[in-house]
Amino acid sequence: MAKFSLDTLHATRAIIMTDVKQDYSVGLTDAIRQYFVDNGGTLSAFSYSSGDTNFRTQLTAVRIARPDVVFLPGYYTEIALILRQARQLGITCPFVGGEGWDSPALIQVAGKSADGNFYTNHFSAADPDPGVQKFVQEYRARFGSVPDALAALWYDGARLLAQAVQRAGSTDPAKIRDALATTRGFDGVTGRISIDQNRNAAKPGVILKIVGGTPEMVQRITP
């Protein structure tokens, strides 16, 4: 989020709004702050809590500050309301968030206020990659719908596990664990996956822009 805002949106002045009750939001805030500030940006912060419905105090301060971008590393329930209230107050800068935005409910509640904003995700069904499109076609044929990011993650997870069992040559949990830990360059529908020294999956993501109520893929990002 921070790199995209600096490099693509050319933002240098930002505000971040953090849901202090969600570890997800707090963790992303720390990462965004470090990268954005270390790379020359200035960042101011405001907070809110899950379940809040009125964000006009924070957003009035945002309007006065006139940032280039507002980071919203939270979940769609509050994000939809924030976007709607921001546009009602005349705030026109882009808002940028993470995969916590990924729900049809965000666009249903925010309406046109969601348009023009960006968020990162694990997967986009619009990705032109041949492997992704093959997965999308097969998923649609079987289930009658377009796969979302969770479906793509589950699919990659199942294939990673199957490959680890094969490489381990065993169904012993410890051996499968060790095989998973050595995963390098696994080609999944969510990108090329490697397991790092902390046993986390290092993989690409995508940037989506909401246009006319539809998330459209803007670019792929690498870790």
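Each residue of the sequence shown is one higher than the one before, starting from 302 at the first, in the working numbering.
Idealized CB from N, CA, C, for every residue including glycine.
The way I'd put it, the stretch 452-460 doesn't touch the stretch 471-485; fewer than three beta-carbon pairs between them come closer than 8 Å. At a Cβ-Cβ threshold of 8 Å, GLU379 and ASP353 count as neighbours. Taking every protein chain shown into account, the CB of SER471 has fewer than 16 other CB atoms within 10 angstroms, so this residue is exposed.
If only complete runs of 3 or more residues are kept, the stretch 457-519 shows the beta strand (DSSP E) at 487-489, 492-496 and 506-512, in order along the chain. Counting along the chain, the unbroken alpha helix (DSSP H) around ASP324 starts and ends at 324-339. At the C-beta level, ARG357 and LEU390 come within 8 Å of one another. Rounded to whole angstroms, LEU451 and ASP324 show a C-alpha spacing of 20 Å. THR491 counts as buried, since at least 16 other C-beta atoms from the protein chains shown sit within 10 angstroms of its C-beta. Annotated three-state conformation of ASP308 is helix, per DSSP. VAL507 places its beta carbon less than 8 Å from that of THR421. The shortest CA-to-CA distance from PHE424 to any of ILE496, ARG485, VAL447 and ARG367 is the one to VAL447. Rounded to whole angstroms, PRO405 and ALA346 show a C-alpha spacing of 27 Å. Residue burial is scored here from C-beta neighbours: GLY398 has at least 16 other C-beta atoms within 10 angstroms and is therefore classed as buried. CA-to-CA, the gap between ARG385 and LEU360 works out to about 11 Å.
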